[in-house]
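Counting from 1 along the sequence shown, just add 461 to a position and that's the residue number in the numbering used here.
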Amino acid sequence: MKLKELERPAVQVWSPASQCPVYLATGTSAQQLDASFSTNGTLEIFEVDFRDPSLDLKRKGVLSASSRFYKLIWGSFGNGLLEASGVIAGGGNNGMLTLYNVTHILSSGKEPVIAQRQKHTGAVRALDFNPFQGHLLATGASDSEIFIWDLNNLNVPMTPGSKSQQPPEDIKALAWNRQVQHILASAHPSGKAVVWDLRKNEPIIKVSDHSNRMHSSGLAWHPEIATQLVLCSEDDRLPVIQLWDLRFASSPLKVLESHSRGILSVSWSQADPELLLSSAKDNQILCWNLGSGEVVYKLPTQSSWCFDVQWCPRDPPVFSAASFDGWISLYSVMGGSWEVQQIRQADKISSSFSKGQPLPPLQVPEQVAQASLIPPLQKPPKWMRRPAGVSFAFGGKLVTFGLPSTPAHQVPQPCLRLVFVSQVTTESEFLRRSAELQESLGSGNLLNYCQNKIELTSLQSEKMLWQFLKVTLEQDSRVKFLKLLGYSKDELQKKVATWLKSDLGLGESPQSEGDDHNNRQQVFCSQASKHITEEASASSTFFDELVPQSMTPWEIPITEDTDGLLSQALLLGELGPAVELCLKEERFADAIILAQAGGADLLKQTQECYWAKKKSRISSLLACVVRKNWKDMVCTCSLQNWREALALLLTYSGPEKFPELCDMLGTRMEQEGGRALTSEARLCYVCSGNVEQLVECWAKCHQASSPLALQDLMEKVMVLNRSLELLRGPDGVSSGPATTYRVTQYANLLAAQGSLATAMSYLPRDCTQPPIQQLRDRLFHAQGSGVMGQQCPPFPFPRVVVGATPHSKETSSYRLGFQFSHQVPTPSLRPRIFTPLVTPLTPSHSSPYQSSRMQNISDYRSPGPQAAQPLPLGPGVRPALFEPPLLREQKAQVPNPTGFPGTWPPPGPPPPMAPPDTIQPGSASLVETAQQIPLLPVRLPGLSPMSFQSPAPPVSFPVTHPPGGPGAPCSNALPTTGLSTVPPGPQDSLKNAPVPRTNLQRKKQLQQRPPEKVERKELPPEHRSLKISFDKLLRRCSLSAADLKTKRKLDEAAQRLECLYEKLCQGTLSPHVLAGLREVARCVDAGSFEQGLAVHAQVVGCSSFSEVSSFMPVLKAVLTIAHKLHT
């Protein structure tokens, strides 16, 4: 592809690779004359800017020269006296050698000519700077003259040897060796090449072709192999390029033959040693691959000979070509469009006439013989190949490759390129602990594992948690939980006995001083203690005291005081009033004794009155123990007494309610307590065996989960799961969304560290979520032979058939909702898959892709005709099964209807067809479409009912029939009364058609109708919490949102959430979705929106699309907005 061009009859040279920006220097060629026959010389320097799309080069410097040039060379010489832009050396007529300072040419300041020497006797045609020592310049001219110039001292040049040692002829080319700095080669017209050793000042080898037809015109050394060079011949009888290896100098190593006439120049790419450029008299520029000897790039034929080609040292794919027609062109071997260049040139010509009348677009003449697209290199060049590469693979594998360490010329051909696969482990502590956990789970020795964790843990909260986990694996776990909380029955009995035997008694404690009630309690306790002592000393006296020896008569009070009234009530059997009198007089003991005789209801009322009147520090506890209303206790007790509350549940709560009450206590501690209580709430979840809540509580404390933190969680989860399996059995333990997410995350982390088998063992076996199934499949196949004998997991992806499916044009011609036109468009070349859903119109066999697509797309449809929604019919749209009156008479004349496979179209003009691309996968068939259309009269705007009653030219309509062919009864036929149809044509005509007045009146009537009120059922009580949580979230987000766009989204979300509430009223959601929604609502209430999004993803992955597609996307959008506003 051509990049730049310059009209100059000149020789060229690129700036060195170290020069930036890139420059191209040109000097007037001594071998060319223009029409003026001027012999003046000019040296110009142009900047090459590939960012500029034009073909022009920007000239940066110009200098008049005393003579024209045969050769230019640009070196990077600079020893402090010259700037870094380097030196240009030019070889001219009469043995003139001129050196120019590039910086002075660009700045137009000081004298740019460094020196001029006329040492040679003929034209200087060969120049080359030493690549290792930039101050050494080799020049060659007529009569076999070769000089080596030192730019630090130009007075006395050095010669590599005497003239008698070389053929007395012109020097056509000189080249320094690219690997050995003291080796120089020269090419001669006789076809010989002489290799010089400057240390010995003599030639060391001469190579020549034995056919004596070789006429050397160019020479180049291999960039990497020191002993190889190429020679090219400009003789038309032998237009070849010879590759020589000095180790086998008897004959060429390889001969390249593709030019038809003599070769004028060659250039070896320094960036890719396999690429060699050549230009010849056959007007061709070829790029060779020296490894295979093939032409890998061919520039389109030029109009003139190209006498010089050169690779750009800085930009590897770019090269320049100077031709005898006076043009220097820059190309890229990476290919491109030749037509772009022609159009660009045509635009350039047209723009020059822009001042006059506007010209029509210039028609570029077609060139049949020339390819419009220039292909790039057939093989990627070396500068595009990666010398080394690295990539991480699944399972912690690291894949690397690189170049061999041996030199290129010592590598055998073909050489083997090695790819190394290594295992990368970055979390050694994580793997060690994971191995310990796996070993304990496998051996079942989890008690010792928990004991080791207790001993190694320094944090008291973690130590307590591991003690609780250990208790879950033991018998009598409730009693042991109480001991861990600090409450033991044995210790309590000892303390009570010690207290009762003490001399102080309970009444002298500091807490009971000054309290009459406590004093009475002290007396009672003292009497009880005395009674116990006597009972221990003489047991016989106890039975004697039961029946008194002498009975004293007792009286019944009949006074009008309290005792008298109480006596009367008892005599009459009125225990209720008697209890009320006792309570009024605060004789609570008498009231309770009487209430026991009056029955359970009276006792309960008496207890309530007692607790209402007698407030003490322990009355609430007494009420809870008597009432057994543990739910109120959990909700109202102080969180500072969470240990006591948990102890009450462990002591009194039944096994059915115990897990729920523990979860309620833990949830309250999370929501109302601080970070410390949130950590302690894990003990409640351990007691209840709620793994899901334990994981979510951990997630709140660890926002950024590190591998070791995740390992801590998995250790606790696995131990608790094992205890639940021992209690309920293996089938009684199921993982929730949060647990599944963390287990999957843990398995991924294990897989990344190379523990594939361990990672696979942690995945839930009965989970059907796509991410887990995909990870299981990946882990299974990544283990290779390590899973021999195991059953392969099911393939987790839908199978897709790649490629086009046979598809009849008639089948895709009808579809509700497209525009009809008179022309039949050509079929699209893109592959299409037509999948009927009800009545197949294509052959019955289908691909796996179609079956999977059918299952997915069927979720979008209504379940049947009874649930179908009315479809709006706009302009240009009519029901697919509607038959206009004009076609009723034509039905009998049509031999076969169109639209069914294997049928022929009716005679006459073809019916309008829809573009095949409008038929999407899973499109409904004609029968189903008809069933979903409402049976209502449809009238299009702009057309009256009498439109088709007036005489009109015949219009051809698509003919459709119900299933069963022509004449079959159509049960779903639409009424034709009031229906109007639209002839095929553009839709714009309908838009501009006049609207009859009757339609306007009807439209106004429709607008004036009051909207129908749709009454929605009330939400069931168990689902009202969801609406409360989501509505509260929407209000909070609306108050926090600052921009109108977010508020608008929230308003739309509130409307779309009505779909969720309707489904909740109808009770159509599955239990799994309901559980997930409750979990999302719980995360919303707790402010954990990130966790809510994770649960949302888990629910969507496990649910049917048709079930959740109406509300789950908007719920995700609201959670995302809340998460952004929260952070």
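All C-beta atoms, glycine included, are put in the ideal place defined by N, C-alpha and C. Computed from a prediction, not measured in an experiment: that's the story for all the values here.
CA-to-CA, the gap between G551 and V880 works out to about 49 Å. Taking a 10 Å sphere around the C-beta of W1091, we find 16 or more other C-beta atoms and assign the residue as buried.
Under the three-state reduction of DSSP, M845 is assigned to coil, being neither helix nor strand. Counting only the Cα atoms, G556 lies some 15 Å from N616. Per DSSP, the beta-bridge partners of D658 are I644 and E663. Y1113 is classed as exposed because its beta carbon has fewer than 16 other beta carbons within 10 Å across all chains shown. Spatial neighbours of E890 in its own chain (CB-CB distance under 7 Å, excluding positions within 5 residues in sequence) are listed in chain order as L1169.
DSSP places F768 in the strand class (E or B) of the three-state scheme. The alpha carbon of Q480 has as its nearest neighbour, out of I607, R775 and L598, the alpha carbon of R775.
Shown here, C1228 sits in coil according to DSSP, grouped into three states, outside any helix or strand. Within the region 1032 to 1115, no beta strand (DSSP E) run of at least 3 residues lies entirely inside it. With contact defined as three or more Cβ pairs closer than 8 Å, the region 663 to 683 and the region 727 to 737 are in contact. Residue burial is scored here from C-beta neighbours: E695 has at least 16 other C-beta atoms within 10 angstroms and is therefore classed as buried. DSSP places V794 outside both helix and strand once states are collapsed to three, so it counts as coil. Annotation: the region 714 to 773 contains the following complete segments of the beta strand (DSSP E) (minimum length 3 residues), in chain order: 715 to 717, 724 to 729, 736 to 741, 746 to 750, 755 to 760 and 767 to 772.
The shortest CA-to-CA distance from P1481 to any of E1523, A896 and F855 is the one to E1523. Looking only at E1021, D1062 and P1018, the smallest Cα-Cα distance to L1036 is reached by D1062. Annotation for Q480: no alpha helix (DSSP H) segment contains it, and DSSP assigns it neither H nor E. Under the DSSP assignment, T1219 falls outside any beta strand (DSSP E), being part of the alpha helix (DSSP H) whose first and last residues are L1217 to Y1223. Judged by DSSP secondary structure, S1499 falls outside any beta strand (DSSP E) and instead within the alpha helix (DSSP H) spanning R1485 to S1501. Cβ-Cβ distances below 6 Å link S1490 to A1542, V1545 and D1546 in the same chain, with the five nearest sequence neighbours on each side left out; the list follows chain order. A Cβ-Cβ contact shorter than 7 Å links H720 with D743. Looking at the DSSP output, S1166 shares a beta bridge with no other residue.
The beta carbon of S895 sits closer than 7 Å to the beta carbons of Q1172, L1211, S1216 and T1219 from its chain, once the five residues preceding and following it are set aside; these are given in chain order. For G752, same chain residues with a beta-carbon under 7 Å away, outside a window of 5 residues either side, are E735 in chain order. From the listed residues L690, D1227 and E1568, the smallest Cα separation to G1197 is found for D1227.
A contact between stretches requires three or more CB pairs, one per stretch, nearer than 8 Å, and the region 1512 to 1527 meets this requirement with the region 1561 to 1576.
When the five nearest sequence neighbours on each side are left out, the beta carbons in the same chain lying within less than 6 Å of the beta carbon of V668 are those of A654, W705 and A710, in order along the chain. As DSSP reads the structure, T600 sits in a beta bridge with L588 and F608. By the neighbour-count definition (other C-beta atoms within 10 Å, threshold 16), G1127 is a buried residue.
Looking at L747, Q771, G754 and P778, the one whose alpha-carbon comes closest to that of Q763 is L747. With respect to the 7 Å criterion, L714 and R674 are not classified as neighbours on the basis of their beta carbons. Secondary structure at I686: coil, using DSSP grouped into helix, strand and coil. Of the candidates Q1252, Y1202, S922 and V1261, the residue whose Cα lies closest to the Cα of I1233 is Y1202. By the neighbour-count criterion, in which a residue is buried when 16 or more other Cβ atoms sit within 10 angstroms of its Cβ, M845 is exposed. Within the same chain, Cβ atoms closer than 8 Å to the Cβ of N554 are found at A491, S528, R529, Y531 and A584, the five residues on either side in sequence being excluded.
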